Structures are given as structure tokens and as C-alpha cells.
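Start counting the sequence shown at 3; every next residue gets the next number (our numbering).
We put the CB at the ideal spot given by N, CA and C, even for glycine.
Source: prediction; values computed, not measured.
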Amino acid sequence: MYANIFGDFVKGKDLSHYSQPIQNGIILHRKIDDYIDHHPIVRELIHKLYKPLPKVAGIAVDLYFDHLLANNWEKYCNIELNDFILQFENAQIDRAEIKNEEFWSVIDRMKKGEWLQHSASEYGLRKSSEGVSRMISFPNVLNEAPIVYKNNQQIIENTFHRFMEEAVPFFKDYYTTILS
């Protein structure tokens, strides 16, 4: 779980200095990003949302999909969301294995702010949009993402469910392959 998130903080292709589980998480993160970034229905949605969310429509779609996954968790995962969150928060991770203070700062803020607990709520979508907006190095309107979501909720939700119909079997096969 942590290694997958860590994928956002790792640059380059040489992962050999990380343990195999961390490498697997980083690779899975990159594979998911690549899959979603190049999926035709997701690209179509990003194009539709570009006008109200210039330069950040793709980021907004990631946040929307996280929000919708939390709202539809039981449809896509066989473990309860609250149990998953408890596993995440109680995992014993050796901080020396991932030497990146920015990463650990985000993880600590995630836990303290209960980001995962709020991910299914409007509040959570608003807070994640505002937080990511502040992390972006250029002026942006990502903080407007919750309003754009409300105005386009049906098309965003339909795209999410159509995407997940293809993504779940794809990543189930992929994940099974890397574990074998």
C-alpha cells in the first residue's frame, strides 16, 4: 500500500536499490497511471473537462476516480473499506527502507487528516482538490474540481464505471502475474 503511493515520489527507472515489494508497488503505481492516462474513455472525459479545468483536468479525473472508488468500494474489493484503512494505518513500515521525507510528510498528513476516511465524502473531494492544487507548481483552478464534479457528475460516474469494467480484470491479471 505504501509502496504504491511512493510511486508518486520516485523518479527514474533504476529501482534496484529498493526491496522487491517496494519495486512492485512503484511499478504497479506507474502501470496504473499509464493505463488510466492512455485509456480512450478517460482521455475523452479529460477533454470534456479541460475547459473548466485547464491543465489540471487529468489530475481532477484521478481525484474523482479515487472519490468514486471509495463510494463504490464494495463493488470492486472484497475487503471492507474501513478494514482496508485500518490495515493501511496500522501497517508497520520501516521508514529507513523508504528514505524520502516529503513522502513521509504526506503519509503523516494523510493519517492525521484522515484523508482515506473522508475520501468518499464531498468534504474529502474538496480537501483533496485544495491540497493537490497547493502542491502544483503553477497557478491552477483544481480547487474548483468539486464544482465541476457536481456539474458533470453523471458523465464522470458513467466513465468511471465503464473504465473499472476494463481496469479490474486487467490489473487482476497483471497483479497475479507479478506475484507469481
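{"Query": "Which residue wins for smallest C-alpha separation from His69, given the options Leu144, His31, Leu17, Leu118?", "Result": "Leu118"}
{"Query": "Which residue marks the beginning of the alpha helix (DSSP H) containing Tyr125, and which one marks its end?", "Result": "124-137"}
{"Query": "With H, G and I counted as helix, E and B as strand and the rest as coil, what does DSSP make of Asp35?", "Result": "helix"}
{"Query": "Per DSSP, what kind of secondary structure is Gln94 in: helix, strand or coil?", "Result": "coil"}
{"Query": "Measuring only the C-alpha atoms, how far is Glu124 from Asn142?", "Result": "20 angstroms"}
{"Query": "Measure the C-alpha to C-alpha separation of Ala62 and Gln155 and round it to an integer number of angstroms.", "Result": "13 angstroms"}
{"Query": "When the Cα atoms are used, what is the spatial distance from Asn6 to Gln25?", "Result": "9 angstroms"}
{"Query": "Comparing the C-beta of Glu116 with each C-beta of chain D, is any distance below 8 angstroms?", "Result": "Among the protein chains of the structure shown there is no chain D, as only one such chain exists."}
{"Query": "For Ile157 versus Leu47, is the C-beta distance shorter than 8 angstroms?", "Result": "yes"}
{"Query": "Ends of the alpha helix (DSSP H) at His49?", "Result": "42-51"}
{"Query": "Applying the 10 Å Cβ sphere with the 16-neighbour rule, what's the burial state of Ser2?", "Result": "Lying before the first or after the last residue shown, residue 2 is absent from the chain, which here runs from 3 to 182."}
{"Query": "With three or more C-beta pairs closer than 8 angstroms as the rule, is the segment 82-99 touching the segment 169-179?", "Result": "no"}
{"Query": "Measuring CA to CA, which of Lys101, Arg128, Gln89, Lys114 is closest to Glu146?", "Result": "Arg128"}
{"Query": "Report the residue from Asn74, His163, Ser131, Phe140 whose alpha carbon sits nearest the alpha carbon of Ile149.", "Result": "Ser131"}
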